[in-house]
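Data block below; observations after.
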Amino acid sequence: MSSAASVQTCNLVEGTSIQEHVICVADEILASLPNPEGLSPEQRRGMIARYSAVLEGNFIYWMTGALLSAKTEEARSKILENLYEEVRDCHPGMLRRFTLAAHALPTDSDASMVYNDLANVRLFVGRLSTVPMLVMMAFFEGWIQRFMPYLAELAQRQGSKEMEYTDVHGVCDITHTEELFRALAAEIALDPPEPGTNLYEGVDLLRTLILSILHPAMN
Ligand SMILES: [Fe+2]
């Protein structure tokens, strides 16, 4: 699958909850994934490399942006829990080991393929707009755990056995997800977004970035 037209867009109909919408966006991205068997070794390497170029140096920045944006104790304690885990267990190091073992360290050209879309997400995060920022992170957390088996398969097909990163991030933690959406509801209740605010601005930018990792031909 390699054209923009092949990735459906979730319609925002009246009554769709935030949770339903972000699940729909994750569903459509996952449905667009090509069968790893049909990819060439270079295509598999490129996908791991672009993922790594985006995530290794940015995830903690995004999470810190979410922490600075959050105003309620409920949201802040949830995000802090995540940040402690990221730092204490050194997730960037874990991702680097995963990428190295798959012989997929990003090259200049891998990094430049995601540069513009990554810059857009960074600028959005820097605006610290509370609710859209937390919606983006809730979307990302749901998506990443569902993407991990695919990422692991790419690496295995590249001859790697180093799966700590995908094992740790592939755990489907329903309680955690529910707590995250409860925290989001608390933020909305405390400080409802202005009418006309696009709650999905961060989700849309991150979706575009993820698609540029997965389908570079679309750019
Ligand atoms: Fe992590």
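Read in order, the letters of the sequence shown correspond to residues 872 to 1090 in the working numbering. Each residue gets a CB set at the ideal place from its N, CA and C atoms; glycine is no exception.
- Minimum Cα-Cα distance from valine 996 among the listed residues Tyr1021, Gly917, Gly1013, Leu1076 corresponds to Leu1076.
- Around the beta-carbon of asparagine 987, fewer than 16 other beta-carbon atoms lie within 10 Å, marking it exposed.
- Secondary structure at proline 1066: coil, using DSSP grouped into helix, strand and coil.
- In the structure shown, the three-state DSSP call for proline 977 is coil.
- Rounded to whole angstroms, the gap between the alpha carbons of asparagine 1069 and leucine 926 is 25 Å.
- For ligand 1, a non-hydrogen atom lies closer than 7 Å to the CB of glutamate 957.
- Counting the other Cβ atoms within 10 Å of the Cβ of isoleucine 889 gives 16 or more, which makes it buried.
- Look at the region 1022 to 1079 and you find these whole runs of alpha helix (DSSP H), each 4 residues long or longer: 1035 to 1040, 1045 to 1061.
- For the 8 Å CB-CB criterion, glycine 917 and aspartate 981 form a contact.
- Under the 10 Å beta carbon count, alanine 920 is surrounded by 16 or more other beta carbons and is classified as buried.
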